[in-house]
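Novice: Chains as they are written, first to last, in this note's numbering: chain A, 515 to 726; chain B, 215 to 515.
Got a structure here, written out as structure tokens. Questions coming.
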Amino acid sequence: MTVPLIGVLALQGDVVDHMRALEAAGAKAVPVRRAAELDAVDGLVIPGGESTAMSKLLEAFDLFDPVKKRLDEGMPAFGSCAGMIMLADEVLDGRPDQRSFGVIPMTVRRNAFGRQVDSFETEIGIEGISGAPFRAVFIRAPWVERVGDGVAVLGRVENGGDSGDAPDGRIVAVRAGACLATSFHPEVTPDARVHEYFVDMVRGTAAEPAVR
Amino acid sequence: MSETQKTEAEIGTARVKRGMADMLKGGVIMDVVTPEQARIAEDAGAVAVMALERVPADIRAEGGVSRMSDPDMIDGIVEAVSIPVMAKARIGHFVEAQVLESLGVDYVDESEVLTPADEANHIDKWQFNVPFVCGATNLGEALRRIGEGAAMIRSKGEAGTGNVVEATRHMRQIRQDIGRLTTLDDAELYAAAKELRAPYELVAEVARLGRLPVVLFTAGGIATPADAAMMMQLGAEGVFVGSGIFKSGDPAKRAAAIVKATAFHDDPKVIAEVSRGLGEAMVGINVDSLSEEQKLAKRGW
């Protein structure tokens with residue numbers, strides 16, 4: 515699997531930018547909207563978008579259970595923003611009927627950094643990604659309020675938004691086994707390092723981070 | 215610069231504004247006039263709602279000067295839903311835009327559906343942290359708006375008619391204009407910029423990318439799932455539906471159907487399935503029967 519086949523869930527959201535970034539990171543990228551397309555992929559990206567709309571469409575097109583099954587079987591997955599929400603096992607400030615896959619034991623607060631006028635970009639360090647700080651773009655972004663057993667925190671943001679009762683900053687990047695999630699949108703920048711990290715996870719060559 | 219120095223978070227950057235529109239791609243944005251309608255739209259899977267006082271069909275029917283909505287009404291809709299809320303300001307009315315920004319609206323639509331407030335100038339959109347979407351009938355118009363700071367473009371269509379013919383024209387026109395630019399050599403791009411009456415840098419960028427540098431949605435007259443899917447196949451990255459939903463017989467069902475048809479725009483079986491038993495579509499107006507005066511797409515330049 516030197517060139518893994520990675521699907522991007524293509525019901526709604528920033529699909530093409532993820533596909534471009536995955537290709538730049540050395541994978542072959544395909545859109546996934548049907549169970550048969552899902553069967554073919556080695557890993558799945560759940561893009562940024564509106565998690566409420568995505569959740570509706572997953573149910574309407576009978577894709578929720580097949581995706582959930584593959585995730586439970588250990589298929590590598592990367593969720594950005596709405597995708598992070600979809601991977602969490604607890605969502606705050608969501609809609610009561612909103613369903614998530616629940617494969618990362620964490621609590622995510624939707625739109626936690628505020629509305630669009632509060633959206634921001636800043637530089638952060640991400641564990642497992644070497645070199646210069648990563649330019650992270652947060653758009654009506656969620657943050658992680660609780661991580662459960664086996665979840666490694668890869669990145670926090672110390673500025674931007676209200677860090678209030680989180681003196682170490684808000685958690686914005688995590689990894690739990692085969693799943694990676696970020697509050698920010700690496701797909702809207704030309705920097706493909708987060709996607710390279712995920713492609714390495716799919717290849718099985720990205721070292722497991724320490725869980726603290 | 216010392217290593218411990220933190221970079222400041224920047225708000226209102228072009229990337230943050232354009233990125234917001236990226237997250238709406240493949241989705242449907244619905245006009246709503248009450249919190250109740252906003253909830254129906256969110257339930258149906260809308261990616262955002264456009265809060266306004268009257269849908270375009272009623273603006274046409276009732277006439278008079280059409281303005282920004284009452285802040286109470288916008289607050290009510292912001293409270294009602296968790297998805298982004300957009301609102302309309304009149305063309306050139308920068309104070310209406312300032313008010314909308316202060317209300318925490320997620321996107322401002324500088325819209326020809328409202329009565330223009332300035333006959334010469336659009337809003338200087340670079341002055342705002344809130345992003346703007348603007349209408350366009352062709353590439354030159356789209357690039358002039360982007361030059362002024364628009365972070366998202368939509369076709370104008372002919373709002374409030376339930377007739378998709380003008381949106382089709384604008385989508386095809388924009389696509390043809392882009393296609394033509396990609397065939398020109400560097401020297402020819404200067405003349406093209408002059409013809410398009412658009413900034414040279416943006417013209418050169420479009421020629422290089424083969425697309426707009428911002429997200430392109432469609433709007434104006436979309437009334438059925440098939441209308442939405444056709445616009446997507448013509449190159450739209452998402453759909454605004456104005457009067458088409460809440461002027462129809464069964465808004466909740468039609469809204470959900472248009473959302474599904476937009477996501478599966480290339481699958482006629484899905485479009486057929488969701489088009490069944492939707493009840494009455496909005497009645498609609500033939501665009502030919504409108505006088506030039508009545509055409510909203512002529513507003514803005």
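Yeah, the Cβ is synthetic: ideal placement off N, Cα and C, and Gly gets one too.
Are the C-beta atoms of ILE225(B) and some chain A residue less than 7 Å apart?
Specialist: Chain A contact via Cβ: present.
Novice: Helix or strand or just coil, what does DSSP make of ASP441(B)?
Specialist: In this structure, DSSP gives ASP441(B) a helical state, which the three-state scheme calls helix.
Novice: Cβ closer than 7 Å: which chain B residues qualify as neighbours of ILE643(A)?
Specialist: The premise fails here: ILE643(A) is roughly 16 Å from chain B at the closest Cβ pair, so nothing lies under 7 Å.
Novice: Spatial neighbours of GLY608(A) within its chain, please: C-beta separation below 6 Å, excluding the five flanking residues on both sides.
Specialist: ARG624
Novice: Is it buried or exposed for SER503(B), if we count other Cβ within 10 angstroms and need 16 for buried?
Specialist: Taking all protein chains in view, the Cβ of SER503(B) is surrounded by fewer than 16 other Cβ atoms within 10 Å, so the residue is classified as exposed.
Novice: Which residues, in order along the segment 522-533 of chain A, keep a beta-carbon less than 8 Å from a beta-carbon of chain B?
Specialist: ALA524, LEU525, GLN526, GLY527, ASP528, VAL529, VAL530, ASP531
Novice: What are the partner residues of MET225(B), as DSSP defines its beta bridges?
Specialist: Per the sequence shown, residue 225(B) should be read as Ile rather than Met. PHE634(A), per the DSSP bridge assignment.
Novice: Taking DSSP as the reference, what is the three-state secondary structure of GLU156(B)?
Specialist: Any property of residue 156(B) remains undetermined from this structure, which presents chain B solely from 215 to 515.
Novice: Along the chain, where does the alpha helix (DSSP H) that runs through SER565(A) open and close?
Specialist: 565-574
Novice: Is the beta carbon of VAL242(B) closer than 7 Å to that of VAL453(B)?
Specialist: yes
Novice: Which residue's Cα is closest to the Cα of ILE360(B): ILE337(B), GLU372(B), GLU326(B), ALA373(B)?
Specialist: ILE337(B)
Novice: Ignoring anything shorter than 4 residues, give me the alpha helix (DSSP H) runs that lie fully in the segment 313-356 of chain B, in order along the chain.
Specialist: none
Novice: Listing by chain order, which chain A residues have their CB less than 8 Å from the CB of ARG229(B)?
Specialist: GLU635, VAL651, VAL702, THR703
Novice: Mapping DSSP to helix, strand and coil, what is MET244(B)?
Specialist: strand
Novice: What first and last residue would you give for the alpha helix (DSSP H) that runs through LYS483(B)?
Specialist: Run containing LYS483(B): 482-489, per the alpha helix (DSSP H) assignment.
Novice: Measure the C-alpha to C-alpha separation of ALA433(B) and VAL455(B) and round it to an integer number of angstroms.
Specialist: 6 Å
Novice: Kindly indicate which three-state DSSP category MET264(B) falls into: helix, strand or coil?
Specialist: strand
Novice: What residues from the segment 232-253 of chain B come within 7 Å of chain A, judged by C-beta to C-beta, listed N to C?
Specialist: GLY233, MET234, ASP236, MET237, LYS239, GLY240, GLY241
Novice: Is MET264(B) close to chain A? Criterion is C-beta to C-beta, closer than 7 Å.
Specialist: no
Novice: What are the boundary residues of the alpha helix (DSSP H) that includes LEU523(A)?
Specialist: Here LEU523(A) belongs to no alpha helix (DSSP H); instead the beta strand (DSSP E) covers 519-523.
Novice: Does DSSP put PHE627(A) in a helix, a strand or coil?
Specialist: It is coil, neither helix nor strand.
Novice: How about GLU659(A): is its C-beta nearer than 7 Å to some C-beta of chain B?
Specialist: So no, GLU659(A) is outside the interface.
Novice: For THR696(A), report the span of its beta strand (DSSP E) as first-last.
Specialist: 693-696
Novice: Quick check on LYS474(B): buried or exposed, where buried means 16 or more other Cβ atoms within 10 Å of its Cβ?
Specialist: buried
Novice: Determine, using beta carbons only, whether GLU587(A) comes closer than 7 Å to chain B.
Specialist: Answer no: the Cβ-Cβ gap between GLU587(A) and chain B never drops below 7 Å.
Novice: Figure out for me which residue from MET496(B), THR396(B), GLN508(B) has the closest Cα to the Cα of THR438(B).
Specialist: MET496(B)
Novice: Check the C-beta distance from GLY727(A) over to MET589(A) and give it rounded, since I have them as a contact under 8 Å.
Specialist: Past the edges of chain A, shown from 515 to 726, lies residue 727(A), and the structure says nothing about it.
Novice: Can you name the residues of chain B whose CB is closer than 8 Å to the CB of GLY563(A)?
Specialist: MET237, LEU238, LYS239, GLY240, GLY241, VAL261
Novice: Quick one: is THR719(A) buried, meaning 16 or more other Cβ sit within 10 Å of its Cβ, or exposed?
Specialist: exposed
Novice: Please report whether the beta-carbon of ALA567(A) lies at a distance below 7 Å from any beta-carbon of chain B.
Specialist: Yes, contact with chain B.
Novice: Just checking, does the segment 591-599 of chain A make contact with the segment 694-707 of chain A on the three C-beta pairs under 8 Å criterion?
Specialist: yes
Novice: Among LEU398(B), ASP481(B), TYR321(B), ALA223(B), whose alpha-carbon lies nearest the alpha-carbon of ALA442(B)?
Specialist: ASP481(B)
Novice: Check the C-beta distance from ILE297(B) over to VAL263(B) and give it rounded, since I have them as a contact under 8 Å.
Specialist: 7 Å
Novice: Helix, strand or coil: which one does DSSP assign to ALA373(B)?
Specialist: coil
Novice: Give a yes or no on whether the minimum CB-CB distance between ARG629(A) and chain B is below 7 Å.
Specialist: yes
Novice: Would you mind working out which of MET385(B), LEU314(B), GLU333(B) sits nearest ALA212(B), comparing C-alpha positions?
Specialist: The shown model of chain B, from 215 to 515, leaves out residue 212(B), and the question about it has no answer.
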